[in-house]
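Have a look at the structure below before the remarks.
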Amino acid sequence: MSLSIGIDAIALGVPRGYVQLTDLAEARGVPPEKYRDGLGVEQMAVAAADEDAVALAANAARRALSVSRTKPADIGLCIVGTETAVDHSKPVAAFLHGLAGLPPSCRVFETKHACFGGTAGLLNAIDWIASGSARGRAAMVICTDIARYQLRSAAEPTQGAGAVAMIVRESPRLLAFDVGRNGSYSRDVHDFWRPLHAKEGIVDGHFSVDCYLAALEGAYREWLSLQTAKDEAPVRACYHVPYGKMSRKAHRHRKQIDGLTKEQADASFESEVGSSLILPNKIGNAYTASLYLSLASLLHHEATDIERKRITLFSYGSGCVAEFFSGRVVEGAAAWARELRIDEPLNDRTRLTVEQYERVRGLDTQADPRFPDGQPKPVLNGGRVKFLGVDSGE
Ligand code: HMG
1 MSLSIGIDAI ALGVPRGYVQ LTDLAEARGV PPEKYRDGLG VEQMAVAAAD EDAVALAANA
61 ARRALSVSRT KPADIGLCIV GTETAVDHSK PVAAFLHGLA GLPPSCRVFE TKHACFGGTA
121 GLLNAIDWIA SGSARGRAAM VICTDIARYQ LRSAAEPTQG AGAVAMIVRE SPRLLAFDVG
181 RNGSYSRDVH DFWRPLHAKE GIVDGHFSVD CYLAALEGAY REWLSLQTAK DEAPVRACYH
241 VPYGKMSRKA HRHRKQIDGL TKEQADASFE SEVGSSLILP NKIGNAYTAS LYLSLASLLH
301 HEATDIERKR ITLFSYGSGC VAEFFSGRVV EGAAAWAREL RIDEPLNDRT RLTVEQYERV
361 RGLDTQADPR FPDGQPKPVL NGGRVKFLGV DSGE
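This is the structure:
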């Protein structure tokens, strides 16, 4: 495969509010070390009622186009991966078609498989380019989600919200994938689900950790079987990050498959994974966006050291499906990543008290009521897209 296909630009869309998890620990009567060291979490983003999955995705998409100076007319495919859909039929991607000003010739749709939905979209975009269907155009893949669990549940500190938009094209300026050399794994398990009537996820927490690790092992072993003696060893690893400690467990598990002891595996964690957790630690689990936040974090903080080097990515979606894949950071990626100002949307956030966060969650139950002939109303408001409710159609 001589074509170089990958991620040309990446941009975030994040809620305005976040909770410092030491505040949540205090309110819940939990020792703060349990969240900090036991789960490896620091902050979780909290989406307000006007920050639904469409608004977060639109803000990320519009930013990706503007910071990379990509013309909407150059986008021939727009896929949104989400498990926080706003409609059973109309995809988030259709709203984005309008909000991002995409051309009528652009194909738009939504992909779902828990946290894997964005990866499903990305793999589709890569194949679209590799097959020749793109005819020189670029794809935009957006991952957008709001992770909600029951208040006061064990999963509560592992919530979060956010969107990541990626421009995918030939001769990318950030990361070129090793196309056609992915390891995949699927199994029918009941570890996490979001019933149609509920806004919150239901999870068999400890079982979900076992499922994640089994899927990692299956996908990693297949990826390993596709490596040749000529392939350089990867220098960094990005994992799906439901909470920081899960990445540590994943890295340890993978390195033990390579024959390292637990101590040797842990010793490589900070240098191989640490910088990919800086942004996820400020946002929490953003489901489909989580792996790509981890990639954005790595490129933002460390691209200078890893230009021309290989990195790996691991995507997990409950239910379950997983993919282990790899790519090479492109020469010049560090300077380009600086121009993209990847972490800028995080500069403008407000720390919420636990009472404020609980009030926002209380509004969730009333948000987005469905009218038989209503139309959801995402609007542009001062350069930022907001969800303003549902029109009764009268
Ligand atoms: P829990 O009840 O808090 O678990 O639930 P725990 O009591 O076992 O404690 C967690 C860790 O804290 C343990 O360490 C304790 O030892 C430690 P570990 O054994 O894991 O190394 N601990 C302490 N450490 C320091 N000081 C202390 C202290 N006390 C305890 N005082 C759980 C944790 C993750 C299960 C829960 O938060 C949960 O259910 N979260 C949601 C599910 C989840 O994130 N699963 C991850 C894999 S599945 C996935 O990634 C898919 C997903 O993103 C959805 C999708 O695909 O759409 C979720």
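Read in order, the letters of the sequence shown are residues 1 to 394 in the UniProt record's numbering. Where is the CB? At the ideal position from N, CA and C, for every residue including glycine. Because the structure is a prediction, the values reported are computed rather than measured.
Any heavy atom of the ligand HMG closer than 8 Å to the CB of residue 53? The residue you call residue 53 lines up with position 53 of the sequence shown. Not under cutoff, so the answer is no.
With a threshold of 16 other CB atoms inside 10 Å of the CB of residue 338, please say whether the residue is buried or exposed. The count along the sequence shown starts at 1 and reaches residue 338 at position 338. Exposed, by the Cβ-count rule.
Any heavy atom of the ligand SAH closer than 8 Å to the beta-carbon of residue 209? Among the ligands present in this structure, namely the ligand HMG, the ligand SAH is not found.
Anyone know if the C-beta pair for residue 144 and residue 13 falls short of 9 Å? Working through the sequence shown from its first residue, we reach residue 144 at position 144. Working through the sequence shown from its first residue, we reach residue 13 at position 13. Taking 9 Å as the Cβ cut-off, residue 144 and residue 13 qualify as a contacting pair.
So for residue 21, helix, strand or coil by DSSP? Taking the sequence shown and counting its residues from 1, the one referred to as residue 21 is at position 21. Three-state result, residue 21: helix.
Pick helix, strand or coil for residue 106, following the three-state DSSP scheme. Translated into the one-based positions of the sequence shown, residue 106 becomes position 106. Coil, per DSSP.
Please report the distance separating the alpha-carbon of residue 71 from that of residue 47. What you label residue 71 is simply residue 71 of the sequence shown in a count that begins at 1. What you label residue 47 is simply residue 47 of the sequence shown in a count that begins at 1. Approximately 29 Å between the Cα atoms of the pair.
Apart from the five residues just before and just after residue 105, which ones in its own chain have a Cβ nearer than 8 Å to its Cβ? Locating residue 105 in the sequence shown gives position 105, where the first residue counts as 1. Excluding positions up to five away in sequence, the list reads 76.
Is it right to say residue 83 is buried, meaning 16 or more other beta carbons lie within 10 angstroms of its own, or is it exposed? Residue mapping note: residue 83 aligns to position 83 of the sequence shown, counting from 1. By the 10 Å Cβ count, residue 83 comes out buried.
Measuring only from the beta carbon, is residue 220 closer than 8 Å to any heavy atom that is part of the ligand HMG? In the sequence shown, counting from the first residue as 1, residue 220 sits at position 220. No; taking the cut-off as 8 Å, the Cβ of residue 220 has no heavy atom of the ligand HMG nearer than that.
With a threshold of 8 Å (Cβ to nearest heavy atom), would residue 280 be considered close to the ligand HMG? Taking the first residue of the sequence shown as position 1, residue 280 is located at position 280. No; taking the cut-off as 8 Å, the Cβ of residue 280 has no heavy atom of the ligand HMG nearer than that.
Local conformation of residue 12 per DSSP, three classes: For this step, residue 12 is matched to residue 12 along the sequence shown. DSSP places residue 12 in strand when its eight states are reduced to three.
In the structure shown, what three-state DSSP assignment does residue 151 receive? Translated into the one-based positions of the sequence shown, residue 151 becomes position 151. Of the three classes helix, strand and coil, the one that applies to residue 151 here is coil, per DSSP.
Is the segment 177-190 touching the segment 11-30, taking contact as three or more C-beta pairs under 8 Å? A contact is defined here as three or more CB-CB pairs under 8 Å, and the segment 177-190 fails this definition with respect to the segment 11-30.
Comparing the CB of residue 106 with every heavy atom of the ligand HMG, is any distance shorter than 8 Å? Residue 106 sits at position 106 when you count from the first residue of the sequence shown. No, the ligand HMG has no heavy atom inside 8 Å of this Cβ.
To the nearest angstrom, how far is it from the Cα of residue 94 to the Cα of residue 130? As a working note, residue 94 is residue 94 in the sequence shown. As a working note, residue 130 is residue 130 in the sequence shown. Going from the Cα of residue 94 to the Cα of residue 130 covers about 24 Å.
Just to check, is the beta-carbon of residue 116 closer than 8 Å to a non-hydrogen atom of the ligand HMG? For the purposes of this step, residue 116 is identified with residue 116 of the sequence shown, where counting begins at 1. Relative to the ligand HMG, residue 116 has its C-beta within less than 8 Å of a heavy atom.
Here's a check: name, in chain order, each residue in its chain whose Cβ is nearer than 8 Å to the Cβ of residue 168, leaving out the five neighbours to either side. Here residue 168 refers to the residue found at position 168 when the sequence shown is read from its first residue. The answer, listed in chain order, is 5, 6, 7, 8, 122, 125, 126, 129, 138, 139, 140 and 141.
beta-carbon residue 157 near the ligand HMG non-hydrogen atom, thresh 8 Å: In the sequence shown, the residue the question calls residue 157 occupies position 157. True, at least one ligand heavy atom lies under 8 Å from that Cβ.
Under 9 Å between the Cβ atoms of residue 174 and residue 60? Reading the sequence shown from its first residue, position 174 is the one you call residue 174. Reading the sequence shown from its first residue, position 60 is the one you call residue 60. For residue 174 and residue 60, no; Cβs fall outside 9 Å.
How many Å lie between residue 53 and residue 387 at the Cα? In the sequence shown, residue 53 corresponds to position 53, counting from 1. In the sequence shown, residue 387 corresponds to position 387, counting from 1. Within the model, the alpha-carbon separation for residue 53 versus residue 387 is close to 9 Å.
When you compare the segment 240-249 with the segment 286-298, are there three or more beta-carbon pairs, one atom per stretch, that lie closer than 8 Å? yes
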